[in-house]
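Undergrad:
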Amino acid sequence: MNSDIEKILVSEEEIAKANERLGKELTEEYAGKNPLFVCILRGAAMFMMDLIKHVDIPMEYDFMDVSSYGGENTTTTGDVRIIKDLDTSLRGRDVVIVEDIIDTGYTLDRLVKLFETREANSIKLVSFLDKPSRRIKHVKVDYIGVQIPDAFVVGYGMDYNEHYRNLPYVGVLKPDVYSTK
Ligand code: IMP
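The sequence shown: position 177 = 177 (the UniProt record's numbering), numbered continuously.
1. Say yes only if the C-beta of V153 is nearer than 7 Å to one or more non-hydrogen atoms of the ligand IMP, and no if none qualify.
2. Would the C-beta of M158 count as close to the ligand IMP, meaning under 7 Å from any of its heavy atoms?
3. Say whether the region 138-145 touches the region 164-173, bearing in mind that this needs 3 or more beta-carbon pairs closer than 8 Å, one atom from each stretch.
4. Between which two residues does the alpha helix (DSSP H) containing Y106 stretch?
5. Three Cβ pairs or more, each shorter than 8 Å: is that satisfied between the region 92-110 and the region 28-44?
6. Rounded to whole angstroms, what's the CA-CA distance from N161 to S133? Just pull it up for me.
7. At the level of alpha carbons, what is the spacing between M1 and R42?
8. How close, in whole Å, do the beta carbons of M59 and L86 come, if the pair is a contact with beta carbons under 8 Å?
9. Please say whether L125 and V153 have beta carbons closer to each other than 8 Å?
10. Please name the residue or residues paired with Y178 in a DSSP beta bridge.
11. How would you call N19, buried or exposed, if buried means at least 16 neighbouring beta carbons within 10 angstroms?
12. For M64, which beta-bridge partners are listed by DSSP?
13. Would the C-beta of I82 count as close to the ligand IMP, meaning under 7 Å from any of its heavy atoms?
14. Judging by CA-CA distance, which residue of R21, M158, R135 and K131 is the nearest neighbour of I40?
15. Keeping to the same chain, check which residues put their C-beta closer than 8 Å to that of D4; ignore five residues upstream and five downstream.
16. Alpha carbon to alpha carbon, what distance is there between I82 and S67?
17. What are the boundary residues of the alpha helix (DSSP H) that includes R21?
18. When we look at the beta-carbon of G92 and count the other beta-carbons within 10 Å, is it buried (16 or more) or exposed?
What follows is the structure in structure tokens.
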């Protein structure tokens with residue numbers, strides 16, 4: 001798998017540092033609020049599990065599965081489908097949406113609007129990666145791990161056709177991988 005990677009964009013050390021910093025910030029912000037962290041599957045799973053080890057207050061978490069990319073596509077369609085909804089009521093809760101990457105912003109924009117209708121007390125966003133150059137929907141992301149340039153990335157939870165999620169770092173695939181898989 002490593003041989004399919006052209007370049008490492010975010011190393012394991014940088015990932016660990018970002019998680020520690022974000023965890024501290026969230027600990028301060030949400031002390032006494034019993035926040036509900038909502039992990040957006042499947043890409044954000046690895047990030048959330050690392051992040052919450054640094055959140056040193058009582059909290060809960062739940063999972064939601066949405067999809068904005070289909071099969072071979074590496075560009076967004078703007079269409080977000082809910083595949084698995086939450087089991088937890090959001091009414092009156094302080095919600096932290098945990099995403100792997102914000103690209104065009106369609107996914108988070110749609111989710112924030114949906115969560116507002118569910119009467120959450122507050123909604124904040126944390127995204128491990130930010131690709132600001134491709135933003136179409138201007139969503140306010142409250143906490144960002146690392147900003148990256150416009151490249152399709154894999155690893156640390158993120159996939160290309162469901163593969164590469166288990167890489168412990170974030171990297172860019174070699175161009176020939178797209179043409180051969
Ligand atoms: P957005 O709706 O365009 O902001 O895209 C958000 C979702 O698209 C993320 O949660 C990812 O699942 C996926 N995505 C966007 N960019 C990448 C990438 O570079 N690699 C893998 N998945 C990506």
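Yeah, the Cβ is synthetic: ideal placement off N, Cα and C, and Gly gets one too.
Computed from a predicted model, the values in this text were never measured in an experiment.
TA: A quick look at the data gives this:
1. yes
2. yes
3. no
4. Y106 to T117
5. yes
6. 23 Å
7. 19 Å
8. Not a contact, Cβ separation roughly 15 Å.
9. no
10. According to DSSP, Y178 bridges with nothing at all.
11. buried
12. I40
13. no
14. M158
15. Y164, L173, K174 and V177
16. 7 Å
17. E12 to E29
18. exposed
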